[in-house]
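For reference, the structure discussed in these notes is given below.
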Amino acid sequence: MIFQFLKRHDGSVCVIYASSGCRELFELEPEVLQIDFQALNKLIHPQDVQAFEESIAISCTTGEPWHWEGRMITNSGKLKWIQGTSRPEQQPSGDMIWDGLFTDITDRKLAQEKLQESEAHYKAILDAIPDLMFRISRDGEYLDFKGEGANVTIPRNEIVGKNLQDLLPVDVALKSQKAIAKTLDSKTLQTCEYQLPTPLGMRDYEARLVVSGQDEVLAIVRDITERKQTEVALRNLAQKFTKVFRSSPNPISISTLAEGRYIEVNDSFVKQAGYEPHEAIGRTAFDLNIWVNQSDRTTVLQELQKHGVIRNMEFEFRRKSGEIRTGLFSAEVIDLDGIPCLLSVNHDITERKKAEVALRESEEKFSKAFRSSPNPITILTLKDARYVEVNDTFVQITGFSREEVIGRTRNELNSWVNPSDCARVEQMLQEQGFIRNLETELYTKTGEVRVVLFSAEVITLGGEPCMLCVTNDITERKQAEELLRLSSKRDRLLAQTLSRIRSSLNLDEILQTTVNEVRQFLETDRVFIASKQAHNPSGVLAESVNPKYPSVLNWRNEDKTFLQEIKTVLKSNQVRIVEDTTQIAASPKLKAVYKQFQTRATLAVPIMQGEELFGALVANQCSEPRHWTAIEIDLLQQMSQQVAIAIQQGQLYQELGQLNTNLERQVEERTAQLQQKMQELQELNRVKDVVLHTVSHELRTSVMGNLMVLNNLLNRGLGTRDWGLGTGQESNIQTNQLASTSSSSAIANRQSLIPVPCSIIERMIQGNDRQLEMIESLLELHSTEAQGIVLHREVVSFSSLVGTIIRDLEPMLTQHHSSVTNLVPDDLPLVIADPAHLQKVFVNLLAHSWQHNPPGVKFTLKATVETGMIRCSIQNDGVGMSKLECDRLFDLYVREPQARCSTRIGLKMYLCRQIIRAQGGEIGVSSNRKRGLTFHFTLPLATPP
């Protein structure tokens, strides 16, 4: 399966690409692996997970190729051996990408396991081919002996049955005893080397011990004297070349020619291959998996057979970490004590190869960048600034062809506007070797000046110092920046002018400041504002002029024809643009004016008020002809509009001043009239108060007198109904006189009295009571309106206060045969109220119900807490009222004679509302759905301490 694996710099991983082999290899769809990399991790054998993760981490850290072999268990339960190889590539963003291959090596692994089993099976036989064989017990007794083919003359009977200590030196016997015990305990092959004295001298022997039965071993002994001598000879020979061998910067190895088994390696080999000497010596390159292409070994042998020597053969080798490197391999066959060996030198050229590739890629990238760059790029010799190469962008922008440039010097092209910049460039390159963004100006072939940012760097080309130059054309940007600067300055000037117009009413100051700032902005010689309605002879309202040139402020021209010409020119053109006064068609008079005031270029914008021409805003250039830009024309047009606004505002201000003067005069007159009316009204109110007090006092005195007389008459009737009043003079008898009159005189005068029923007297008393109540209400109302209601507020319990008021009203309730159901809760919060005034409210509300209902009306009292207020309701079961009557019940107005609510009761209702509002509440009434009315009012709760 081919794959591409990504590990980001934040540690997250994902599979970018997986080929269709994923299905056969892992029994997974490629899309599943791309979505979730953990799906692959879950298949790895638990014993191989750590090695898998470590191999990725090592490759990521070192940048070396990734190699891993391990087991995977597919979803169907199959166990597969998988080999993974890839090459990492570091990305500019810091991410790491591996492009690699997963291969199924299950068959190879199974074959290797079978081979290992076969090797283990025959290993005992292969190892037991030396000259002598002994069967030895655990305690060291020789059980059997076989010496056929060996150079041994000791009879068998002299060995069998003997002990090791009987035949061998003590140290050798002890060493052999330990080897036997270790063999029997570990059940593995043990090797023991030792020396024995013989008639031929000291000989070296190697004994290999394997378990052959219960507490016995098979010892196979071989004479290794010649091998040892050979090894010593080889080591001695190697020592001769140790200094050269060890100090060589190139990896050097000595291996047997036949097998390729390493005999010696130097430190450079260890550093390059990654194997320590003890890991390499005695093993072949195939054992260490050093050859990337195993056929290279065959090629080496073929070259050696053909030429006997190899020089700088390029091949790839694998380090211990799995990294693939490239080297130049040189080898020569040497003879070490008769053994053909291979002396190999391997020079690592991996970095050089990478540098060559990088150089080729760099040259290719540079060539592409040079040709396709949007900026002009040139290469010039550093010595005489002669053009070596230019790109297409340089040709397009400058207009020169390549043939016109290459081979010529910078001075010959004369492309630099300021020659001093050339000297500056050469100095900077000599001092620091580079230039960054030096702003300068260059000529094109047509002579057009372009503004550029010049950058350069010293490079070597063909052994000659050159400079690589890059220019960034910023002409349009500079023009845009200048336009933006002028636009910003224009907007700021317009804003300031508009602000002055809004904040100042001094027209002369506004106009003078305007011409000063416009001249400063345009950097011109003269700016003025002229008007046909101006009071001065020249018609100029304001002027700003360079002192070097004449002023038009005091210029006088009475020629009406000329003035009409100027007016016609301004009215027929929204803007008059003259870039050179000597090149236009104009009347002799106008040309004479231009000459008189040294005007070489002019820009004039009419100032309009509606459809009428008021004047013009004019800018003059006196020093030379001038091209007026669009932004300058736009500024003058907008400024003319602002000037028109300022002039119109000044005129409006004058009209406003006149209107203000007239208005002030009218206000003074009206104020005098209002003051007179106020005095008259105050006099009328004073007379009203006097009349009200006088009439109320007289009426109150008369009504009280009548009541006293009628009450005495009623009380003296002794229960009869034939009391009468005199026919004339007797009607003025006072109460105290009636009290002193004897019963006899009353009987004596009975014949002169007019009989009057008691019911009439009672009705007269009731009428006088009502009149007295109304008079009292009127007086209270007048006092309330004049002085306000005087309250004596207290923090009281509303439920207790209501209970007290009901007890005080018991006589009145009894008189009207009424009853009260008190449903006011006892746990209501405290309220702030005037108990006396609140009782008056209850009396007036109940009195309203008694007046409009027959005796026996029933009342229900309720109270609740609502948003910081106590709401109290008084409900009766009498007759209802219309909504209009409910809405007007508490208003102050004179009731009609036929109205249900008399004026007396209406006054009491109005007083109720005044009392409740004075205490911070509201009062109202509503008609019940079935019958009766519900009065309700609110009182504020007491503020917690």
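Under the numbering used here, the first residue of the sequence shown is numbered 56, with each subsequent residue one higher. Backbone N, C-alpha and C fix where the C-beta goes; we use that ideal spot for every residue, glycine too.
In this structure the region 438-458 does not lie against the region 537-554, because fewer than three pairs of beta carbons, one per stretch, are closer than 8 Å.
A direct Cα-to-Cα measurement between Q730 and L714 gives close to 24 Å. Nearest to M56 by alpha-carbon distance, out of I137, Q105, K97 and T716, is I137. DSSP places I235 in the uninterrupted alpha helix (DSSP H) bounded by V225 to S241. L484 is positioned such that its CB atom lies no closer than 9 Å to that of V573.
The continuous stretches of beta strand (DSSP E) do not include R352, which lies in the alpha helix (DSSP H) extending over residues S350 to H362. Buried is the label assigned to L944, since at least 16 other Cβ atoms lie within 10 Å of its Cβ. About 12 Å separates the beta carbons of N430 and N492, which is beyond the 8 Å limit, so they are not a contact pair.
Excluding five sequence positions before and after H122, the CB atoms of its chain that fall closer than 6 Å to its own CB belong to T140 and G377, given in chain order. Taking the Cα of L885 as reference, the smallest distance to any Cα among Q567, L996, A902 and F992 is reached at L996. Here the region 520-536 does not lie against the region 670-677, with fewer than 3 beta-carbon pairs under 8 Å apart.
Beta-bridge partners of N766 (DSSP): none assigned. Beta bridge pairing from DSSP links Y442 with L435.
Ranked by Cα distance from Y498, the first of C521, P474 and R479 is P474. Per DSSP, G858 lies in no beta strand (DSSP E); the unbroken alpha helix (DSSP H) holding it starts and ends at F853 to D863.
For L359 and K164, the gap between their C-alpha atoms comes out near 34 Å. Q894 is not a Cβ neighbour of F914, given a cutoff of 9 Å. Look at the region 928-995 and you find these whole runs of beta strand (DSSP E), each 3 residues long or longer: 978-982 and 988-995. When Cβ pairs closer than 8 Å are counted between the two stretches, the region 301-311 is seen to touch the region 319-327, the count reaching three or more. The beta carbon of T285 sits closer than 8 Å to those of D392 and I394, all from its chain and outside the five residues before and after it, given in chain order.
Taking the C-beta atoms as reference points, L61 is found nearer than 9 Å to D150. Rounded to whole angstroms, the Cβ separation of L508 and E494 is 6 Å, and the two are in contact under 8 Å. Per DSSP, Y249 is not a residue of any alpha helix (DSSP H); the beta strand (DSSP E) it occupies stretches across Q245 to T253. Across the set Q482, R479 and I434, the C-alpha of I434 shows the shortest separation from the C-alpha of G462.
For Y649, the three-state secondary structure derived from DSSP is helix. Between N609 and I686, the alpha-carbon positions lie close to 31 Å from each other.
Beta-bridge pairing by DSSP links N401 to F384. Counting only residues of its own chain and dropping the five nearest sequence neighbours on each side, R316 has a CB closer than 7 Å to the CB of S310, G337, R338 and T339. Counting the other CB atoms within 10 Å of its CB gives R547 a total below 16, which places it among the exposed residues. Taking 9 Å as the cut-off, the beta carbon of S599 is found closer than this to the beta carbon of V582. Around L343, the same chain offers Y330 and A335 as residues with beta carbons nearer than 7 Å, after the five sequence neighbours per side are excluded. When secondary structure is reduced to three states using DSSP, Y604 falls in the coil class, being assigned neither helix nor strand.
A direct Cα-to-Cα measurement between T280 and A228 gives close to 19 Å.
In the DSSP assignment, E459 falls outside any beta strand (DSSP E) and lies within the alpha helix (DSSP H) extending over R457 to V460. By the Cβ criterion, the region 357-376 is not in contact with the region 432-451, since fewer than three pairs of Cβ atoms, one from each stretch, lie closer than 8 Å.
Shown here, D278 sits in a strand according to DSSP, grouped into three states.
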